[in-house]
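For reference, the structure is listed below as structure tokens.
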Amino acid sequence: MPLEPLADASFALACPGNPPLRNNRVKASTTSVSKLRRTKFARRLPAELSELANPAHGTVSLPLHMAWSGLTQFDLDQPRLRMSFYRIVLAEGMRDDLAQYLNHGLLISMWPTLRTLISRDIRDTGESAFTELTAHTTAVA
Numbered sequence: 723m724p725l726e727p728l729a730d731a732s733f734a735l736a737c738p739g740n741p742p743l744r745n746n747r748v749k750a751s752t753t754s755v756s757k758l759r760r761t762k763f764a765r766r767l768p769a770e771l772s773e774l775a776n777p778a779h780g781t782v783s784l785p786l787h788m789a790w791s792g793l794t795q796f797d798l799d800q801p802r803l804r805m806s807f808y809r810i811v812l813a814e815g816m817r818d819d820l821a822q823y824l825n826h827g828l829l830i831s832m833w834p835t836l837r838t839l840i841s842r843d844i845r846d847t848g849e850s851a852f853t854e855l856t857a858h859t860t861a862v863a
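Counted from 1, the sequence shown has number 751 at position 29 by the working numbering; the numbering is strictly sequential.
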């Protein structure tokens with residue numbers, strides 16, 4: 723007995739006598755996923771930006787749990803590498819990583835541009851937690 727083509731082969735098994743299953747997924751709402759990401763990121767933030775007192779110059783190496791898909795060494799004196807470094811640490815770093823690798827002065831000065839390069843969830847959570855960041859965002863939309 724030949725099998726009939728399925729409308730959506732990724733969601734159904736071709737079994738004689740069984741109708742094809744269509745779109746058998748449970749979708750999480752975008753709001754709940756965003757809320758979960760924001761909660762996760764909020765737990766990683768320091769109590770105050772002043773806790774981010776790490777060097778603003780020189781070459782820094784990131785561990786593989788953060789820099790898993792490319793460069794691991796960043797020259798903080800080169801603006802593009804510094805921006806990439808901060809994007810990676812914010813997106814991939816844990817609470818201890820943020821405290822170990824970021825500098826509060828650099829973060830504040832880079833924020834108007836950096837905020838456009840990171841996820842909305844990270845941006846909104848950071849700006850809600852630290853008013854110092856929002857004071858410098860009026861120049862960049």
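Idealized CB from N, CA, C, for every residue including glycine.
Please read all numbers here as calculations on a predicted model, not as lab measurements.
Taking the CA atoms as reference points, Ala813 sits about 15 Å from Thr794. By the CB criterion at 7 Å, Ala821 and Glu773 fall inside the cutoff. Contact between the stretch 803-813 and the stretch 821-830 is present, with at least three C-beta pairs closer than 8 Å.
Note on the stretch 773-847: whole alpha helix (DSSP H) runs with a minimum of 4 residues are 801-814, 817-823 and 826-836, in chain order. For Glu854, the enclosing alpha helix (DSSP H) covers residues Thr853 to Thr856. DSSP, reduced to helix, strand and coil, places Glu849 within a helical segment of the structure shown. Taking Ser783 as reference, the option from Leu771, Ser791, Asn776 and Asp797 with the minimal CA-CA separation is Asp797. In the structure shown, Leu767 falls within a coil segment according to DSSP collapsed to helix, strand and coil. Excluding sequence positions up to five before and after Arg804, its CB lies within less than 6 Å of the CB of Leu798, all in the same chain and listed in chain order. Inter-residue distance for Ser756 and Arg845 is about 12 Å (C-alpha atoms, whole angstroms). Going by beta carbons, Phe763 and Thr847 fall inside the 7 Å limit. When the Cα atoms are used, Asp819 and Gln800 turn out to be separated by approximately 21 Å.
Of the residues Ser754, Gly815, Ala851 and Leu836, the one whose Cα lies closest to the Cα of Leu786 is Gly815. Rounded to whole angstroms, the separation of the alpha carbons of Ser850 and Asp843 is 11 Å.
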